[in-house]
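What follows is a short report on a single structure.
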Amino acid sequence: VNWKASTQNQEKIEFSDPSLVEEHVAAAQNELAGKGVGLSDELITLEVMSPDVCDLTLIDLPGIARVPVEGQPEDIGKQIKRLIMKYIKKHETINLVVVPCNTDIATTEALKMAQEVDPEGIRTVAILTKPDLIDKDTEKSVLAIVHNKVIPLRKGYIVVKCRGQQQIDDEIPLEAAAQMERDFFQNHDYFRCLLKADNATIKSLAVKLTQDLVEHIKKSLPQLQEQIKNQLWSVKKALKDCEDGPPEDHEGAKEFLIKTLNGFNEEIKSLSSGEPMTEKNMFAQLRAEFKKWNDYLISTKTSCEYIFTFKKQRVLMKIKRGMELPGFINYRMFQKILQDHVAKLKDPAMNLLNAIKGTITHICQFTDVVSEYCSPDKINNIQLTQLEKAEQRISEQFKMENRIYTQDPIFLKILSEITNETFSEKELPVFDKQCKYSQMLEAYYEIVVQRMADQLPLMITFYMLQETAQLLTIDTIKLLEKPDVHELLSEDSDVSKRRKDLRARLNRLTSATKAISIIF
Numbered sequence: 001v002n003w004k005a006s007t008q009n010q011e012k013i014e015f016s017d018p019s020l021v022e023e024h025v026a027a028a029q030n031e032l033a034g035k036g037v038g039l040s041d042e043l044i045t046l047e048v049m050s051p052d053v054c055d056l057t058l059i060d061l062p063g064i065a066r067v068p069v070e071g072q073p074e075d076i077g078k079q080i081k082r083l084i085m086k087y088i089k090k091h092e093t094i095n096l097v098v099v100p101c102n103t104d105i106a107t108t109e110a111l112k113m114a115q116e117v118d119p120e121g122i123r124t125v126a127i128l129t130k131p132d133l134i135d136k137d138t139e140k141s142v143l144a145i146v147h148n149k150v151i152p153l154r155k156g157y158i159v160v161k162c163r164g165q166q167q168i169d170d171e172i173p174l175e176a177a178a179q180m181e182r183d184f185f186q187n188h189d190y191f192r193c194l195l196k197a198d199n200a201t202i203k204s205l206a207v208k209l210t211q212d213l214v215e216h217i218k219k220s221l222p223q224l225q226e227q228i229k230n231q232l233w234s235v236k237k238a239l240k241d242c243e244d245g246p247p248e249d250h251e252g253a254k255e256f257l258i259k260t261l262n263g264f265n266e267e268i269k270s271l272s273s274g275e276p277m278t279e280k281n282m283f284a285q286l287r288a289e290f291k292k293w294n295d296y297l298i299s300t301k302t303s304c305e306y307i308f309t310f311k312k313q314r315v316l317m318k319i320k321r322g323m324e325l326p327g328f329i330n331y332r333m334f335q336k337i338l339q340d341h342v343a344k345l346k347d348p349a350m351n352l353l354n355a356i357k358g359t360i361t362h363i364c365q366f367t368d369v370v371s372e373y374c375s376p377d378k379i380n381n382i383q384l385t386q387l388e389k390a391e392q393r394i395s396e397q398f399k400m401e402n403r404i405y406t407q408d409p410i411f412l413k414i415l416s417e418i419t420n421e422t423f424s425e426k427e428l429p430v431f432d433k434q435c436k437y438s439q440m441l442e443a444y445y446e447i448v449v450q451r452m453a454d455q456l457p458l459m460i461t462f463y464m465l466q467e468t469a470q471l472l473t474i475d476t477i478k479l480l481e482k483p484d485v486h487e488l489l490s491e492d493s494d495v496s497k498r499r500k501d502l503r504a505r506l507n508r509l510t511s512a513t514k515a516i517s518i519i520f
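Just so you know, we're using full-length UniProt numbering here: the sequence shown kicks off at 1 and counts up by one.
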């Protein structure tokens with residue numbers, strides 16, 4: 001008989017002496033749960049290879065503890081139940097409920113848990129132990145349980161008599177213990193019938209479990225096949241997301257780098273041109289910010305109504321009147337009112353710029369290819385440089401707005417819409433009247449609003465998006481000039497490990513799919 005013992009993070013230990021099993025299992029328990037009475041979810045795998053053993057996979061779960069002993073947490077019972085439930089709820093498993101014959105099976109907590117996950121008893125086998133310890137005259141009660149008359153189970157009950165502590169201390173071999181077990185049932189007045197019906201002895205249990213497991217697997221295969229297909233699809237998708245690693249040879253690595261950088265540049269181009277990219281559709285977010293800016297500009301038109309009123313103009317005319325004779329209009333007053341009001345838009349314009357900068361930086365940093373080849377610091381440095389350019393350009397724009405100007409046809413068109421009158425350039429000499437100033441101010445400010453509503457977004461997207469994209473593209477192309485291509489293509493060890501694990505899973509799932517397809 002050959003034995004192999006291992007844990008999830010431990011190399012397999014091979015040995016042939018069965019007396020070493022306890023030693024290796026104890027060492028694994030101490031490694032996983034610490035010395036003493038700790039608890040761990042990790043499995044200790046013990047493989048037994050021999051032509052004389054059944055082809056079974058058994059998971060030995062801990063017994064349910066009710067009262068914590070020294071060193072155990074107060075909720076040790078809940079932890080154990082949670083661990084047990086993790087395995088018995090799986091539909092691929094057959095649950096073995098071990099119950100002593102000398103206890104009331106109806107009140108057994110283990111059987112209750114099995115009934116929760118398998119209410120019809122389709123995949124539950126009950127194993128009754130310690131038949132030699134039952135009270136006299138209770139044998140018929142045990143037989144009633146075994147004959148499925150108390151708590152029916154589709155897979156039924158089997159009675160076994162394991163080695164007692166004295167036999168273990170006397171180091172009685174398993175073969176001799178098995179014969180002693182058979183002799184016990186053969187010589188028992190009530191339980192002899194169980195032996196004939198193959199409802200007794202550990203050997204009968206092993207045979208039954210092997211047969212039941214084969215039948216259970218056959219029934220579970222369609223569902224198992226569907227699960228494998230789903231997992232196979234998920235692994236393929238995850239492996240595709242990881243993509244293939246860079247080639248080892250220099251030329252292959254360089255071609256891989258060029259291909260990758262081209263993908264980077266295409267992604268940057270898509271981001272900057274406003275192409276929809278699912279959740280990365282940058283312009284959907286920018287458009288929302290630009291709408292806020294437009295709404296704000298519109299709101300400033302109503303806030304300046306008092307300034308444009310005729311009464312307010314008369315006050316300003318009185319304060320700002322110069323040497324002109326009565327009846328003449330001071331154009332500087334007209335300029336001053338507009339300049340002061342337009343200047344108040346500068347701070348909100350700068351706020352818009354900073355909001356757009358934050359949005360673009362966030363999206364760039366969380367774009368897969370961008371984040372792989374451009375560090376957040378590099379993106380931020382480029383954005384800060386572009387921010388200074390945009391701030392300067394916006395400042396220049398407001399300096400230009402100090403010069404009150406628009407084309408005459410544009411001004412007259414807006415003025416006509418406001419006054420519901422028709423004006424032409426020929427009427428300008430007679431139109432220059434103080435009573436029309438409020439409407440003239442309103443008309444010009446409407447032009448400023450329209451100009452700012454479009455000019456600022458165009459200006460900001462040019463510097464913060466279009467030019468930024470160009471600079472990032474140029475920066476990545478320069479990477480090709482570096483001599484050590486492999487250094488550029490070095491990847492995180494976690495990524496490499498994940499790719500390796502996914503490929504191994506893919507091979508296992510592919511093999512499983514082929515094996516199941518042969519059966520069907």
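Here a beta-carbon is modelled for each residue, glycine too, at the ideal position from N, C-alpha and C. Note that the coordinates shown come from a computational prediction; the quantities given were computed from them, not determined experimentally.
{"Query": "Provide the residue span of the beta strand (DSSP E) that contains Phe15, from first to last.", "Result": "13-15"}
{"Query": "Alpha carbon to alpha carbon, what distance is there between Met350 and Ser438?", "Result": "29 Å"}
{"Query": "Can you list, in chain order, the residues of its chain whose CB lies under 8 Å from that of Asn199, leaving out five sequence neighbours each side?", "Result": "Val146, Gly156, Tyr157, Ile158, Val159"}
{"Query": "How should Val69 be labelled, buried or exposed, when 16 other C-beta atoms within 10 angstroms of its C-beta is the threshold for buried?", "Result": "exposed"}
{"Query": "Between Leu352 and Glu289, is the Cβ-Cβ spacing less than 8 Å?", "Result": "yes"}
{"Query": "With burial defined as no fewer than 16 other Cβ atoms inside 10 Å of the residue's Cβ, what is the status of Asp118: buried or exposed?", "Result": "buried"}
{"Query": "For Ser395, count neighbouring Cβ atoms within 10 angstroms of its own Cβ and tell me buried if that reaches 16, exposed if not.", "Result": "exposed"}
{"Query": "Distance, Cα to Cα, Thr461 vs Thr468?", "Result": "9 Å"}
{"Query": "Out of Gln72, Lys81, Leu509, state which residue places its alpha-carbon closest to the alpha-carbon of Pro62.", "Result": "Lys81"}
{"Query": "Could you round the C-beta distance between Leu56 and Val99 to whole angstroms and report it? I think they count as a contact, below 8 Å.", "Result": "Actually they do not touch by this definition, with Cβ atoms about 20 Å apart."}
{"Query": "Considering only the alpha carbon of each residue, which of Pro409, Leu441, Met440 lies closest to Lys426?", "Result": "Pro409"}
{"Query": "With distances taken Cα to Cα, identify the nearest neighbour of Met440 among Lys413, Leu205, Ala144, Tyr463.", "Result": "Lys413"}
{"Query": "Going by the DSSP bridge assignment, what does Ile158 pair with across the sheet?", "Result": "Ile127"}
{"Query": "Grouping DSSP H, G and I as helix and E and B as strand, with all else coil, what is Pro51?", "Result": "coil"}
{"Query": "From what residue to what residue does the alpha helix (DSSP H) around Pro409 run?", "Result": "408-419"}
{"Query": "Name, in chain order, the residues that DSSP records as bridge partners for Ala200.", "Result": "Val159"}
{"Query": "Rounded to the nearest angstrom, what separates Lys35 and Lys208 at their Cα positions?", "Result": "37 Å"}
{"Query": "For Ile44 versus Gln29, is the C-beta spacing smaller than 8 Å?", "Result": "yes"}
{"Query": "Indicate the three-state DSSP secondary structure (helix, strand or coil) for Pro100 in the structure shown.", "Result": "strand"}
{"Query": "When DSSP labels each residue in this structure, what does Leu56 get in the three-state scheme?", "Result": "coil"}
{"Query": "Three-state secondary structure (DSSP) at Asn402?", "Result": "coil"}
{"Query": "Given a cut-off of 8 Å on the beta-carbon distance, is the pair Asp132 and Lys112 in contact?", "Result": "no"}
{"Query": "Tell me whether Gly358 is buried or exposed, calling it buried when 16 or more other Cβ atoms sit within 10 Å of its Cβ.", "Result": "exposed"}
{"Query": "Look at the alpha carbon of Leu458 and the alpha carbon of Val235, and state the distance between them as a whole number of angstroms.", "Result": "44 Å"}
{"Query": "Under the DSSP definition of a beta bridge, which residues are partnered with Asn95?", "Result": "Thr124"}
{"Query": "Within a Cβ cutoff of 8 Å, which residues of the same chain sit near Thr513, ignoring the five residues on either side of it in sequence?", "Result": "Gln225, Ile228, Lys229, Leu232"}
{"Query": "Report the rounded CA-to-CA distance for Asp181 versus Gly164, giving the unit in angstroms.", "Result": "The identity of residue 181 in the sequence shown is Glu, whereas the question assumes Asp. Cα to Cα, Glu181 sits roughly 11 Å from Gly164."}
{"Query": "What are the boundary residues of the alpha helix (DSSP H) that includes Thr141?", "Result": "It is worth fixing the name first, because residue 141 is Ser in this sequence and not Thr. 139-146 is the span of the alpha helix (DSSP H), which, as asked, contains Ser141."}
{"Query": "For Leu465 versus Ile360, is the C-beta spacing smaller than 8 Å?", "Result": "yes"}
{"Query": "Assign Ile151 to one of three DSSP states: helix, strand, or coil.", "Result": "coil"}
{"Query": "Val53: buried (16+ other C-beta within 10 angstroms of its C-beta) or exposed?", "Result": "exposed"}
{"Query": "Could you compute how far the alpha carbon of Leu20 sits from the alpha carbon of Asn507?", "Result": "34 Å"}
{"Query": "Determine the closest residue to Ala355 out of Arg451, Lys90, Trp293, Thr138, with distance taken between C-alpha atoms.", "Result": "Trp293"}
{"Query": "For Ala443, count neighbouring Cβ atoms within 10 angstroms of its own Cβ and tell me buried if that reaches 16, exposed if not.", "Result": "buried"}
{"Query": "So which of Asn262, His91, His188 has the shortest CA-CA distance to Thr473?", "Result": "Asn262"}
{"Query": "So His24 is in the alpha helix (DSSP H); what residue range does that whole segment cover?", "Result": "21-33"}
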